[in-house]
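Everything on this sheet refers to the single structure shown next.
Chains as they are written, first to last, in my numbering: chain P, 3 to 263; chain A, 190 to 421.
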């Protein structure tokens with residue numbers, strides 16, 4: 003049943019996301035082609051600028067759309083009349099939440115891939131060199147990559163679950179459901195910021211390498227990398243704990259306090 | 190065993206009781222009219238049976254179990270509003286019901302769509318309100334469920350459509366199943382009902398078989414309803 007829920011959700015979202023991705027890739031190709039052609043008259047210059055602008059908009063739309071769609075699908079499918087169908091299907095509340103979550107994360111990942119691919123197309127032929135990377139041992143680079151991927155994934159999951167929790171609380175009110183969801187978003191946001199700042203302060207206070215980096219006398223890039231990797235893993239841990247709390251709130255609200263109008 | 194049972198079931202909205210300690214048992218194999226004026230608790234009762242609301246006290250049981258994933262697979266529910274995503278086509282809705290309900294009879298649904306001249310490739314947003322209601326009823330009645338809960342299935346539709354809906358209900362439900370029809374349009378449904386339950390301000394005012402009621406009162410169900418719920 004869980005896979006069937008995901009199938010329905012992919013069907014509903016692919017009709018929006020796939021055209022956006024196609025537009026982003028096509029515009030990236032056009033931008034690159036125009037870049038290769040000689041800009042010897044004003045028409046070509048204007049055309050290149052216009053396509054470049056459209057490409058930038060398509061890049062923003064690719065990122066923004068997956069985010070907007072994540073909120074819109076949860077709200078429309080569960081909080082409006084469509085909820086009368088979804089909550090009477092023979093599936094559990096956990097399946098309802100996880101199907102939406104996994105589909106949203108899948109679109110986040112696809113959007114990241116499309117943006118990367120489009121950037122590579124536009125930037126093909128050029129080269130970027132980051133000074134100091136050669137000082138870092140390959141094992142540390144691998145460790146950094148794993149920490150960045152894990153932190154991004156967990157941050158994405160936490161963001162989705164935080165917004166789901168806000169919408170699930172908002173729907174339980176008799177009136178001003180959307181306003182209450184926004185109010186709870188700010189409440190959760192402020193609380194998470196307070197926890198985040200306290201966490202960063204604690205790391206800086208307890209880490210000798212942080213001192214060195216902050217005061218500009220870090221021994222090497224390797225030392226800085228080690229510090230960042232450690233901080234990212236700790237951030238991922240805290241983020242995962244928040245995700246569990248947001249999930250528990252969403253589950254409880256949808257199973258015990260559902261209030262479809 | 191009763192297919193639907195309420196034991197001291199209570200549900201309040203703020204401090205106002207929508208259902209107040211009601212006891213009710215519905216046996217399989219009949220059509221029950223859940224009758225009452227607006228705000229009497231009919232929709233609340235059906236929502237509780239579907240797990241869309243949680244009781245404040247007491248319990249509601251479907252085939253002996255509390256509303257859950259398991260009971261949802263044997264209950265076919267028609268809410269008072271249409272619940273389709275408007276971008277979907279009729280055939281995609283059939284796919285959805287076929288995916289989730291093992292008791293869904295696709296062939297029966299396709300035949301009913303054809304009979305209603307509804308093209309399978311037609312999108313919900315291209316359909317009129319009446320057509321959407323018919324598609325929803327077709328989907329709900331194409332299941333071989335043990336319990337059908339129909340909330341105001343004939344409210345807001347023209348008399349010809351009412352006839353079609355009632356015909357669809359009585360010609361499609363399994364004789365071993367129970368059908369509960371919630372409505373305040375008594376005269377339209379009373380000929381198809383086996384039993385009636387009158388709900389008044391969250392209390393059961395009457396629960397009898399239609400034949401018994403007519404024999405005792407010498408009146409139609411509609412006439413008895415008007416007497417019970419007369420506005421002073």
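Ideal Cβ positions, reconstructed from N, Cα and C, are used throughout, including at glycine.
Item, Value
"Per-residue contacts from residue 266 of chain A into chain P (C-beta, under 7 Å)", "90"
"Residue 140 of chain P burial status per 10 Å Cβ neighbour count (16 or more: buried)", "exposed"
"Touch test, the region 277-297 of chain A against the region 5-13 of chain P, Cβ-Cβ under 8 Å, three pairs minimum", "yes"
"Cα-Cα separation, residue 288 of chain A to residue 310 of chain A", "18 Å"
"Under 9 Å (Cβ pairs) to chain P, residues found in the region 229-256 of chain A", "236, 239, 240, 241, 242, 243"
"Straight-line Cα distance separating residue 142 of chain P from residue 72 of chain P", "34 Å"
"Residue 202 of chain A, buried or exposed, once every other Cβ within 10 Å from all chains shown has been counted against 16", "exposed"
"Inter-residue CB distance, residue 239 of chain A and residue 95 of chain P (contact presumed, cutoff 8 Å)", "With a Cβ gap of about 14 Å, residue 239 of chain A and residue 95 of chain P do not count as contacting."
"Under 8 Å by beta carbon: chain P residues contacting residue 274 of chain A", "14, 78, 79, 84"
"Assigned secondary structure, residue 9 of chain P (DSSP; H/G/I helix, E/B strand, else coil)", "helix"
"Opening and closing residue of the beta strand (DSSP E) in which residue 259 of chain A lies", "Run containing residue 259 of chain A: none in the beta strand (DSSP E); it sits in the alpha helix (DSSP H), 258-261."
"Selection from A/392, A/390, A/382, A/393 that minimises the alpha carbon distance to residue 411 of chain A", "A/382"
"Own chain, CB closer than 6 Å to residue 332 of chain A, minus 5 neighbours either side, in chain order", "265, 290, 292, 293"
"Alpha carbon of residue 86 of chain P to alpha carbon of residue 262 of chain P, nearest angstrom", "8 Å"
"Any C-beta of chain P under 7 Å from that of residue 289 of chain A", "yes"
"For residue 372 of chain A, the residue or residues it bridges with in DSSP", "A/224"
"Selection of the region 64-77 of chain P by Cβ proximity to chain A, strictly under 8 Å", "none"
"Contacting positions in the region 163-183 of chain P - beta carbon closer than 9 Å to chain A", "176"
"Runs of beta strand (DSSP E) lying entirely within the region 374-403 of chain A, each at least 3 residues, in chain order", "384-389, 392-398"
"Nearest neighbour of residue 158 of chain P, chosen from P/184, P/120, P/104 [CA to CA]", "P/104"
"Contact under 7 Å by Cβ, residue 84 of chain P with residue 272 of chain A", "yes"
"Beta-carbon proximity list for residue 52 of chain P, same chain, < 7 Å, skipping 5 on both sides", "none"
"Cβ-Cβ distance between residue 1 of chain P and residue 190 of chain P below 7 Å", "Any question about residue 1 of chain P goes unanswered here, given that chain P covers just 3 to 263."
"From A/204, A/218, A/387, A/327, residue whose alpha carbon lies closest to that of residue 211 of chain A", "A/387"
"Residue environment, residue 75 of chain P, which counts as buried when at least 16 other CB atoms sit within 10 Å", "buried"
"Test: residue 102 of chain P CB closer than 7 Å to a CB of chain A", "no"
"Where residue 3 of chain P meets chain A, residues with beta-carbon distance less than 9 Å", "258, 288, 289"
"Buried or exposed by the 16-neighbour rule on C-beta atoms within 10 Å, applied to residue 77 of chain P", "buried"
"For residue 23 of chain P and residue 116 of chain P, believed in contact at Cβ under 8 Å, the rounded distance", "5 Å"
"Under 7 Å between C-beta atoms of residue 247 of chain A and residue 196 of chain A", "yes"
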